[in-house]
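Each remark here refers to the structure printed beneath this line.
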Amino acid sequence: MVGLLLASGSPRRAALLAEAGFDFETVSPRIEEKFDVDLTLRELTLWNAIRKGTSVAPMCPDRVVLAADTLIALEGKVIGKPADCSNAAQILRCVSGRTHEVCSAVFICHFVTGRSAIIDEISHVRFRRLSSTKIDNYLARVDPLDKAGAYAAQGCGAEIIAKIDGSYTNVVGLPMEKTVVALAQFGIQPKST
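Each residue of the sequence shown is one higher than the last, beginning at 2 in this note's numbering.
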């Protein structure tokens, strides 16, 4: 049986796969995510996911490799991970009371057979109006530096998110509804309970 390898250092993606019942191992891709303003939100996430997956797949050619990338955009402007806490607060002020897009792209490949699949998902997230105090309190409890848009939907996310239209797991970092279907095409199924 072919095993699954998650090419990601994201604990959120690992948690989503584990909660869905998948057996897998993880490896962090040793590449820098690209952030190019000349590409669209969808293009950037696809590009990063493919680069992550193709950097890991040759090292584990008999495994099915899953890589993903998540970014947000506000009014067409792509926003990545914050550079520091000051930048995180600035991002949260920008999205306060507004709706932004969250796009995750997933690249799945099996190097030995040359098979691959690409999926993506866009969800719309509306933020509550956030005061400076609310932003400071949120950032005191959540590490924003490894999160696109400086926030997490899970945990304290309900305090700042008013509504999610679309896939919740996409906003967390891996659109599980589509990912489960795509993995099945590679013979990767969750454990039976």
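Just so you know, even glycine gets a beta-carbon here, dropped at the ideal spot from N, CA and C. As the structure is a prediction and not an experimental result, all values here were calculated from the model.
Please classify residue i: does DSSP put it in a helix, a strand, or coil?
i	result
I161	coil
D144	coil
E26	strand
A50	helix
L45	helix
L7	strand
D166	strand
R224	It is not possible to answer for residue 224, since the shown part of the chain is limited to 2 through 194.
L184	helix
R14	helix
I205	The requested residue 205 does not occur in the structure, where the chain is confined to residues 2 to 194.
G174	coil
Y152	coil
S132	coil
A19	helix
D39	coil
Ordered along the chain, which non-local residues of its own chain (more than five positions away) have a Cβ less than 7 angstroms from that of residue i?
i	result
G54	A8, V66, A68, F108, C110
I92	I80, P83, G150, A151
V113	P62, D63
Tell me whether the beta-carbon of residue i lies closer than 8 angstroms to the beta-carbon of residue j.
i	j	result
A149	K78	no
L72	C104	yes
F25	L17	no
F23	L5	yes
A50	V181	no
R127	A163	yes
L47	F36	no
G188	V3	yes
A89	L140	yes
E102	D70	no
L131	S97	yes
A183	A118	yes
A154	I165	yes
Near residue i, which residues of its chain fall below 8 angstroms by C-beta distance, leaving aside the five closest residues on each side in sequence?
i	result
C95	L75, I80
I32	R52, K53, S56
Who are the near neighbours of residue i in its chain, counting only those whose CB is closer than 6 angstroms to its CB and skipping five residues on each side?
i	result
R142	C157
T100	H125, R127
Against chain B, with Cβ distances strictly below 8 angstroms, would residue i count as a contact?
i	result
D121	Absent from the structure: chain B. Only one protein chain is present.
Whole alpha helix (DSSP H) elements within the segment 62 to 128, 4-residue minimum:
86 to 96
Under 8 angstroms: do the segment 160 to 169 and the segment 12 to 32 share three or more Cβ pairs, one atom per stretch?
no
Cβ pair count under 8 angstroms reaching 3, the segment 111 to 123 against the segment 173 to 184
yes
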